[in-house]
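Protein chains in written order, with the working numbering: chain A, 1 to 291; chain B, 292 to 445.
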């Protein structure tokens, strides 16, 4: 674990050196200040009690999760890999032109590698003063560098691209220091945490009722997990396709008959910030497979 | 803002005596009936009528109604997958009075604020999905039916 974290930090700071193409210079520097206090005070060390939905998944589902040839998200990743290399946009520039190949640890011309991204988002976006997640960062690059409209949040292109990006961090521990009062994401973390524990909907439940108090318990035909975010985008049999974390939020909200928020909304970005912290230290499992 | 006030009023109303017919909620929504809580029980039938245990069993199974099996093991063998969140319900007729069960169905948070069990006859929860705003999970008669069914479990 320790060693992986150090590698992650090294890679993140490497991203700082050259920000030529960076759509997220500000994010990267924000990340760096977080990284320097990686463990220790204020509950920002890894969460030793965290475990993912992989643990409660059945054997067959796990097998699909573990085998890239069987993982049903991979066709989406392939689709995204083509887009990643394509200059077919008004900016006439590909993702690869800036970042190098997805697996390129030097991060190409920009020095910002895809490896490590999935393990360290959401970041703080100084332009908006809000968290930015991988989806919104992809669209930021798309709009600012490629001069194109962003992908629709739940489109095949976006699901594939987030899967491609997060896949590069597979096995790396999720890093979040947002609980630290000095952290730029702290107020988003706090708001997300309040959301997590706020009972809502006609059934009057908070996320904690299912995912904290009853993790590992059985609710009808489902075995509850801790509801961690480290596997997203995740393929679900119920959806018959991959879905984003925000889609999952909407599903859980709907089940308790609570009002939904939009994909990419501030509410869900804050919640995502809290969940990343809650699962800090878990290995990135994206793209995961679940029942 | 206005909305918030209204919600606060409604949730306040669920404790003590509910305000009958204060507001109506669209065509199929039924107005909440008034009831009286006495020492953490509701002695009187919400509808003045006896419950139907056969209908109550169906309501308990129905995922869009009671959905009790999500959380409770019950003597309903034809249904697969009973949840383990709450206690097994197989002798509720021995262990509780009708008045106690009615209170539990209406609002089990009266006993324990932190319980996960939904309040089946209450409105005013936070951020309710639009189509359920101002509506209770079960109707007054459905509550009576489930109570009658639970009384048969001995």
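Backbone N, C-alpha and C define an ideal beta-carbon position, used for all residues, glycine too.
Remember, predicted model here, so these are calculated numbers, not experimental data.
If you draw a straight line from the alpha carbon of residue 379 (chain B) to that of residue 373 (chain B), how long is it in whole angstroms? 10 Å
Ends of the alpha helix (DSSP H) at residue 167 (chain A)? 156 to 167
If residue 276 (chain A) sits next to residue 174 (chain A), beta carbons under 8 Å apart, how far is it from one beta carbon to the other, in whole angstroms? Approximately 6 Å separates the beta-carbon atoms of residue 276 (chain A) and residue 174 (chain A); this is inside 8 Å, confirming the contact.
Members of the segment 405 to 416 of chain B near chain A, C-beta cut-off 7 Å: 407, 409, 410, 416
In chain A, which residues lie with their C-beta within 9 Å of the C-beta of residue 428 (chain B)? 202, 203, 257
Which same chain residues end up closer than 6 Å to residue 342 (chain B) when comparing Cβ atoms and leaving out the 5 residues on each side of it in sequence? 435, 436, 438, 439
Quick check on the DSSP output: the alpha helix (DSSP H) that includes residue 344 (chain B) runs from which residue to which? 344 to 352
Considering only C-alpha positions, which residue in the set A:251, A:246, A:165 is nearest to residue 79 (chain A)? A:165
Taking buried to mean at least 16 other C-beta atoms within 10 Å of its own C-beta, is residue 249 (chain A) buried or exposed? By the 10 Å Cβ count, residue 249 (chain A) comes out buried.
Tell me, please, which residues DSSP counts as bridged to residue 124 (chain A). A:131
Give the residues of chain B in contact with residue 214 (chain A), contact being defined as C-beta atoms less than 8 Å apart. 376, 407
Expressed to the nearest angstrom, what Euclidean distance is found between the alpha-carbon atoms of residue 316 (chain B) and residue 422 (chain B)? The predicted model places residue 316 (chain B) with a pLDDT of 40, which falls under 50 and marks its position as unreliable; any figure quoted below should be read in that light. The alpha-carbon atoms of residue 316 (chain B) and residue 422 (chain B) are separated by roughly 10 Å.
Hey, out of A:167, A:95, A:76, A:225, whose CA is closest to residue 111 (chain A)'s CA? A:95
Put residue 235 (chain A) into one of helix, strand or coil per three-state DSSP. strand
What in chain A is Cβ-close to residue 359 (chain B), meaning under 7 Å? Those within 7 Å of residue 359 (chain B) in chain A number zero; the least Cβ separation is about 10 Å.
Does residue 329 (chain B) have its Cβ less than 8 Å from a Cβ in chain A? The beta carbon of residue 329 (chain B) does not come within 8 Å of any beta carbon belonging to chain A, so the residue lies off that interface.
Counting along the chain, where does the beta strand (DSSP E) carrying residue 242 (chain A) start and finish? 241 to 243
Are the beta-carbon atoms belonging to residue 420 (chain B) and residue 258 (chain A) less than 8 Å from one another? yes
Please look up how many angstroms separate the CB atoms of residue 245 (chain A) and residue 232 (chain A), rounded, as I've assumed it's under 8 Å. 4 Å
Looking only at C-alpha atoms, which of A:193, A:274, A:118, A:133 sits nearest to residue 103 (chain A)? A:118
With 8 Å set as the bound, which would you pick, yes or no: does the beta-carbon of residue 179 (chain A) sit closer than that to a beta-carbon of chain B? Output row for residue 179 (chain A): interface = no.
Residues bridged to residue 283 (chain A) by DSSP? A:173
How would you list, in chain order, the residues of chain B whose beta-carbon sits under 7 Å from the beta-carbon of residue 119 (chain A)? The contact set of residue 119 (chain A) on chain B, defined by CB atoms closer than 7 Å, is empty, because the minimum CB distance reaches about 31 Å.
Put residue 36 (chain A) into one of helix, strand or coil per three-state DSSP. Reliability fails at residue 36 (chain A), whose pLDDT of 34 lies under 50, so the model's placement of it is uncertain and the value that follows must be treated cautiously. DSSP places residue 36 (chain A) in helix when its eight states are reduced to three.
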